[in-house]
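> Counting with full-length UniProt numbering, you get residues 1 to 638 for the letters of the sequence shown.
Provided herewith is a single structure, encoded as structure tokens, for subsequent inquiry.
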Amino acid sequence: MVMASSYGEVYAGWQKNPEGFWMEQAEAIDWFTKPGRAFDGNQGVYGSWYPDGITNTCHNCLDRHVAAGRGEQAALIHDSPITGTKRSITYSELLAEVEAFAGAMADKGIGKGDRVVIYMPMVPEAIVAMLACARLGAIHSVVFGGFAAHELATRIEDSEAKLIVSASCGIEPGRIVAYKPLLDAAIEQSRHKPEATIVLQREQQGCELIEGRDFDYAELLQANAGRKTPCTPVKATDPLYILYTSGTTGQPKGVVRDNGGHMAALYWSMHAIYGVKPGEAFWAASDIGWVVGHSYIVYAPLLHGNTTIVFEGKPVGTPDAGTFWRVISEHKVAVLFTAPTAFRAIRKEDPEGSLVGRYDLSGYRALFLAGERADPDTIHWAEKMLEVPVIDHWWQTETGWTIAGNPMGLGLKPVKYGSPAVAMPGYDVQVLDDAGHEVSAGTLGNIVVKLPLPPGCLPTLWNAEERFRQAYLSEFPGYYKTADAGFVDEDGYLFIMARTDDIINVAGHRLSTGGMEEVVSEHPDVVECAVIGIADPMKGQIPAGFIVINNQHGRSDEEIETEVVKLVREQIGPVAAFKTVMVVKRLPKTRSGKILRATMQKIADGEAWNMPATIDDPGVLDEIHEVLTKRGIARKSD
1 MVMASSYGEV
11 YAGWQKNPEG
21 FWMEQAEAID
31 WFTKPGRAFD
41 GNQGVYGSWY
51 PDGITNTCHN
61 CLDRHVAAGR
71 GEQAALIHDS
81 PITGTKRSIT
91 YSELLAEVEA
101 FAGAMADKGI
111 GKGDRVVIYM
121 PMVPEAIVAM
131 LACARLGAIH
141 SVVFGGFAAH
151 ELATRIEDSE
161 AKLIVSASCG
171 IEPGRIVAYK
181 PLLDAAIEQS
191 RHKPEATIVL
201 QREQQGCELI
211 EGRDFDYAEL
221 LQANAGRKTP
231 CTPVKATDPL
241 YILYTSGTTG
251 QPKGVVRDNG
261 GHMAALYWSM
271 HAIYGVKPGE
281 AFWAASDIGW
291 VVGHSYIVYA
301 PLLHGNTTIV
311 FEGKPVGTPD
321 AGTFWRVISE
331 HKVAVLFTAP
341 TAFRAIRKED
351 PEGSLVGRYD
361 LSGYRALFLA
371 GERADPDTIH
381 WAEKMLEVPV
391 IDHWWQTETG
401 WTIAGNPMGL
411 GLKPVKYGSP
421 AVAMPGYDVQ
431 VLDDAGHEVS
441 AGTLGNIVVK
451 LPLPPGCLPT
461 LWNAEERFRQ
471 AYLSEFPGYY
481 KTADAGFVDE
491 DGYLFIMART
501 DDIINVAGHR
511 LSTGGMEEVV
521 SEHPDVVECA
531 VIGIADPMKG
541 QIPAGFIVIN
551 NQHGRSDEEI
561 ETEVVKLVRE
571 QIGPVAAFKT
581 VMVVKRLPKT
591 RSGKILRATM
601 QKIADGEAWN
611 MPATIDDPGV
621 LDEIHEVLTK
631 RGIARKSD
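Printed below as a string of structure tokens:
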């Protein structure tokens with residue numbers, strides 16, 4: 001496929017002829033029935049992509065590559081420093097395993113449109129289960145392994161899952177997490193009961209199976225070895241998966257992803273945005289429980305014919321802060337995609353980057369960061385240590401792929417630190433004030449995307465179309481509300497400053513906590529930080545900063561806190577009223593690395609709060625409460 005040579009040409013080409021652009025991308029996908037048009041504005045909530053196309057995602061990820069001679073290439077490399085095991089699986093081997101497992105699921109009554117919940121750790125069998133669902137036209141819903149029973153129950157209930165695929169346990173540094181008791185409790189709590197479960201017995205810790213309901217994964221796979229299970233043709237608009245995000249109401253939001261548009265967008269992104277060629281190793285250091293895992297551990301690399309790395313470990317502690325460099329070196333990774341928090345953890349443990357030099361990174365070309373704001377200080381550190389481009393990009397669970405980025409495959413644009421760069425084809429990104437009027441360059445406002453959203457983005461929420469409209473489309477008619485705040489500069493570069501609920505009002509001034517965090521992170525001893533707004537009787541809100549400092553600064557916490565306050569006052573001004581900074585050991589985060597600022601704010605303001613389902617370590621919130629209490633900010637807990 002011939003592609004224009006620069007970002008400017010490609011984006012202008014999309015603007016001039018959006019349907020023509022996306023019909024061209026559809027040529028990269030195998031279709032049982034080719035779509036006659038790219039878009040139908042009369043279908044779905046805001047229209048639908050490739051409405052008359054018939055295809056299958058598993059066929060495009062596996063069968064076509066084997067048929068084209070890529071069968072002996074590694075499709076998936078599982079690297080688990082947690083268990084000390086590694087396994088490489090070719091495209092042919094992965095296809096055979098997926099066909100066998102799809103056959104086993106079909107025998108359990110799973111077919112087109114049925115929902116299957118996958119509750120597993122980072123093991124190859126989890127990817128096999130996802131692809132087997134896609135093969136049958138079933139809709140998978142992956143729930144992060146180890147999620148609390150109540151949260152799992154709400155997802156089983158909302159999706160009305162017919163089958164659950166799970167494992168006996170997950171393994172974290174220094175501990176084993178038994179999944180089966182959580183699974184059993186979730187099924188008991190759920191008003192909807194699945195007909196069966198399939199459980200992968202891990203050698204680190206097995207579990208008891210309930211006769212008649214639970215089945216052994218390995219036994220089913222062995223019994224179906226060599227079985228040929230054909231791909232079920234599905235409409236491009238049929239759901240591929242449901243991915244639940246935590247809703248503000250406490251009720252999970254089931255983001256739906258379709259088949260056709262999803263494939264076209266992800267395939268294009270691999271070469272245009274990430275700049276990789278088929279056959280190269282691509283590593284998204286995330287988890288399949290998150291959207292990054294769906295898009296860039298499983299679907300995009302396999303659609304594109306790459307080798308994907310499935311990593312069961314952590315950036316530090318498995319065994320040290322050099323584990324990322326080992327994986328890149330051993331598996332000849334061309335591009336790594338991870339969250340900035342991973343690099344902050346590495347930097348905290350190895351601030352001088354002494355472990356980088358132990359590994360051959362000569363084939364490594366770029367680092368992509370997403371999932372949260374990438375502060376300039378972290379980017380500078382990574383650039384210095386790795387000597388490759390470090391590329392921030394911005395997208396959401398809802399979009400499934402990049403809204404704004406710096407596309408390596410189309411020629412990198414100049415970097416502006418603190419910006420994920422420019423809008424990708426398919427996205428008409430605008431900044432509006434609260435009344436819905438477009439604001440001038442450099443003015444902080446609500447970031448929105450003009451409808452229709454491009455292929456690959458959510459067409460709706462699962463069984464909640466009205467909730468979809470209310471959450472994303474109603475506030476700014478004709479636009480998708482990202483719920484992020486920021487601005488676009490005079491060169492068209494986007495700056496994401498905060499979630500809209502992270503804009504604080506200090507004595508009538510609208511200020512971005514993200515802008516303050518950017519300044520705080522410039523302090524040489526600050527490894528990680530979070531700024532929240534806390535209630536103040538005089539000013540309405542005032543900012544409070546939490547900082548994690550590196551292990552080798554050799555000075556008192558009070559000195560560093562004073563210097564950070566001075567830095568913010570110098571760079572943002574007295575208007576910020578930034579006077580409160582607290583050194584903490586660690587920040588509370590979700591398992592995907594996002595800092596739980598809203599929960600911290602509720603603790604500081606003495607409001608009722610619930611333990612977030614996605615929290616990585618609940619004990620951190622107790623530490624935050626203790627620090628706030630010592631400073632006289634938070635009420636003591638009952």
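Positions of the beta carbon are idealized from the N, C-alpha and C atoms, including for glycine.
What does DSSP give as the partner residues of residue 644 in its beta bridges?
This structure cannot settle anything about residue 644, because the visible part of the chain is limited to 1 through 638.
> To the nearest angstrom, how far is it from the Cα of residue 30 to the Cα of residue 70?
Between residue 30 and residue 70, the C-alpha separation is close to 16 Å.
> Is the distance from the Cβ of residue 78 to the Cβ of residue 124 below 7 Å?
It is a contact, given that the beta carbons lie within the stated cut-off.
> Compute every distance between the C-beta of residue 526 and the non-hydrogen atoms of the ligand ATP, then say whether any falls below 6 Å.
Annotation note on the ligand ATP: not contained in the displayed structure, which lists no ligands.
> Does the beta-carbon of residue 440 have 16 or more other beta-carbons within 10 angstroms, so that it is buried, or is it exposed?
Answer is exposed; the Cβ neighbour count stays below 16.
> Indicate whether the contact test is met: 3 or more Cβ pairs, each with one atom in the segment 23 to 40 and one in the segment 274 to 290, closer than 8 Å.
Flag = no, the segment 23 to 40 and the segment 274 to 290 do not touch.
> Can you give the Cα-Cα distance for residue 82 and residue 309, rounded to whole angstroms?
Distance between the alpha carbons of residue 82 and residue 309 is about 15 Å.
> Measuring alpha carbon to alpha carbon, tell me which residue in 86, 532, 461, 556 is nearest residue 633.
Nearest option by C-alpha distance: 532.
> Closest by CA to residue 287, which one among 266, 339, 413?
Ranking 266, 339, 413 by Cα distance to residue 287 puts 339 first.
> Give every residue of the same chain whose Cβ lies closer than 6 Å to the Cβ of residue 198, excluding the five residues on either side of it in the sequence, and list them in chain order.
Once the five neighbours on either side are set aside, the close Cβ partners of residue 198 are 165, 215, 217.
> If we ignore side chains and look at the alpha-carbon of each, how far apart do residue 511 and residue 605 end up?
Using only the alpha carbons, I get a separation of about 19 Å.
> In whole angstroms, what is the alpha-carbon distance linking residue 550 and residue 525?
Rounded to the nearest angstrom, the two C-alpha atoms are 6 Å apart.
> In three-state terms, what does DSSP make of residue 393?
Residue 393 falls in the coil class under three-state DSSP.
> Which residue comes first and which comes last in the alpha helix (DSSP H) that contains residue 133?
First-last of the alpha helix (DSSP H) with residue 133: 124 to 136.
> Whole angstroms are fine: how far does the CA of residue 601 sit from the CA of residue 98?
Distance between the alpha carbons of residue 98 and residue 601: 46 Å.
> Go ahead and pull the three-state DSSP assignment for residue 472.
DSSP places residue 472 in helix when its eight states are reduced to three.
> First and last residue of the beta strand (DSSP E) that includes residue 227?
From DSSP, residue 227 is part of no beta strand (DSSP E); its letter is neither H nor E.
> If you drop the 5 nearest sequence neighbours on each side, which residues of the same chain put their C-beta closer than 6 Å to that of residue 275?
Once the five neighbours on either side are set aside, the close Cβ partners of residue 275 are 408, 409.
> Put residue 561 into one of helix, strand or coil per three-state DSSP.
Helix.
> Look up residue 166 in the DSSP assignment and say whether it is helix, strand or coil.
Three-state DSSP puts residue 166 in a strand.
> Check whether the Cβ atoms of residue 303 and residue 263 lie closer than 7 Å to each other.
Yes, they are a contact pair.
> Can you give me the Cβ contacts of residue 519 inside the same chain, cut-off strictly under 7 Å, excluding the 5 residues immediately before and after it?
Result list for residue 519: 567, 568, 571, 572, in chain order.
> In the DSSP assignment, find the alpha helix (DSSP H) that holds residue 399 and state where it starts and stops.
Careful: residue 399 lies outside any alpha helix (DSSP H) and carries neither H nor E.
> Should the segment 414 to 424 be regarded as contacting the segment 476 to 484, the criterion being three or more beta carbon pairs within less than 8 Å?
Because the criterion of three Cβ pairs below 8 Å is not met, the segment 414 to 424 and the segment 476 to 484 do not touch.
> Measure the beta-carbon distance from residue 588 to residue 599 and round it to whole angstroms, keeping in mind my assumption that it falls under 8 Å.
Indeed, because the Cβ distance is near 7 Å, the residues count as touching under 8 Å.
> How many Å lie between residue 100 and residue 453 at the Cα?
Those two C-alpha atoms are separated by around 36 Å.
> Could you tell me the alpha carbon to alpha carbon distance between residue 535 and residue 13, rounded to whole angstroms?
Distance between the alpha carbons of residue 535 and residue 13 is about 48 Å.
> Would you mind reading off the limits of the alpha helix (DSSP H) that contains residue 341?
Taken as a continuous stretch (DSSP letters only), the alpha helix (DSSP H) holding residue 341 covers 340 to 349.
> For the 8 Å Cβ check, are there 3 or more pairs between the segment 266 to 274 and the segment 137 to 145?
Result no; under three Cβ-Cβ pairs closer than 8 Å.
> Between which two residues does the alpha helix (DSSP H) carrying residue 324 extend?
Start and end: 323 to 330.
> Curious, which full-length alpha helix (DSSP H) runs of at least 4 residues does the segment 365 to 390 contain?
Segments of the alpha helix (DSSP H) lying fully in the segment 365 to 390: 376 to 386.
> Taking a contact to mean a Cβ-Cβ separation below 7 Å, would you say residue 400 touches residue 436 in this structure?
Cβ distance not < 7 Å, so residue 400 and residue 436 don't count as in contact.
> Per DSSP, residue 481 is paired with what?
Answer is 448.
> Around the C-beta of residue 17, are 16 or more other C-beta atoms found within 10 angstroms, so that it is buried, or is it exposed?
Classification of residue 17: exposed, given that the 10 Å Cβ count is below 16.
> Could you please give me the residues that DSSP links to residue 65 through a beta bridge?
DSSP, once it has assigned bridges, lists no residue as partnering residue 65.
> Measure the alpha-carbon distance for residue 300 versus residue 270 and round it to whole angstroms.
Distance between the alpha carbons of residue 300 and residue 270: 7 Å.
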